[in-house]
Amino acid sequence: KTLMYDYHYNVMQKHYGDKIELMYTDTDSLVYYIQTDDFYNDLANNSNLLDRMDTANLPRDHPCYIAERKKIPGLFSDETDGRIMKEFIALRAKSYAYIIEDKEKIKAKGIRGH
Numbered sequence: 008k009t010l011m012y013d014y015h016y017n018v019m020q021k022h023y024g025d026k027i028e029l030m031y032t033d034t035d036s037l038v039y040y041i042q043t044d045d046f047y048n049d050l051a052n053n054s055n056l057l058d059r060m061d062t063a064n065l066p067r068d069h070p071c072y073i074a075e076r077k078k079i080p081g082l083f084s085d086e087t088d089g090r091i092m093k094e095f096i097a098l099r100a101k102s103y104a105y106i107i108e109d110k111e112k113i114k115a116k117g118i119r120g121h
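Counting in this note's numbering, the sequence shown runs from 8 upward without gaps.
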């Protein structure tokens with residue numbers, strides 16, 4: 008929890024100020040609404056943002072891709088693999104859905120997909 012609070016208040020909120028809104032949080036995840044022209048450009052050009060990220064799941068040609076960071080404890084990863092979320096809705100912890108580039112992902116703990 009300490010890592011998440013530190014990341015939220017001392018990294019994300021410090022960098023984006025009133026242009027960021029925490030939409031969802033769970034044990035090990037944060038989902039933000041950020042008003043910016045290009046989040047991945049921000050990430051690539053700000054070491055304080057990038058240094059806290061495991062970017063090994065991004066495409067190899069992505070400017071933020073760093074293979075050596077794969078699965079390092081304490082680093083945050085991008086569940087969307089470098090793509091921007093267009094819509095997001097959460098009902099409670101571990102029950103949410105989002106749309107990325109016309110693809111939908113639904114997570115509901117304890118419920119199997121068909």
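Just so it is clear, CB atoms sit at the ideal spot from N, CA and C, and this is done for glycine as well.
Per-residue burial, residue i [other beta carbons within 10 Å of its own, 16 or more giving buried]
{"i": "T62", "result": "buried"}
{"i": "L10", "result": "exposed"}
{"i": "Y12", "result": "exposed"}
{"i": "L98", "result": "exposed"}
{"i": "Y103", "result": "buried"}
{"i": "Y134", "result": "Here the chain has residues from 8 to 121 only, and residue 134 is not among them."}
Residue of the options minimising C-alpha distance to residue i
{"i": "K77", "options": "P70, T87, L65", "result": "L65"}
{"i": "A115", "options": "D44, A100, I107", "result": "A100"}
{"i": "L56", "options": "D85, F95, R67", "result": "D85"}
{"i": "L29", "options": "H22, H15, S102", "result": "H15"}
{"i": "F83", "options": "F95, T32, D109", "result": "T32"}
{"i": "Y23", "options": "T34, S36, L50, D35", "result": "L50"}
{"i": "F46", "options": "T87, K8, I113", "result": "T87"}
{"i": "I107", "options": "I113, N52, M92", "result": "M92"}
Coarse secondary structure for residue i, derived from DSSP in three states
{"i": "K101", "result": "coil"}
{"i": "K8", "result": "coil"}
{"i": "K116", "result": "coil"}
Opposing strand residues paired with residue i [DSSP bridges]
{"i": "E108", "result": "The partner list for E108 (beta bridge, DSSP) is empty, contrary to what the question assumes."}
Check your understanding: In chain order, which continuous runs of the beta strand (DSSP E) of length 3 or greater are located wholly inside the stretch 25-97?
Key -> Listed in chain order, the complete beta strand (DSSP E) runs (minimum 3 residues) inside the stretch 25-97 are 27-33, 36-41.
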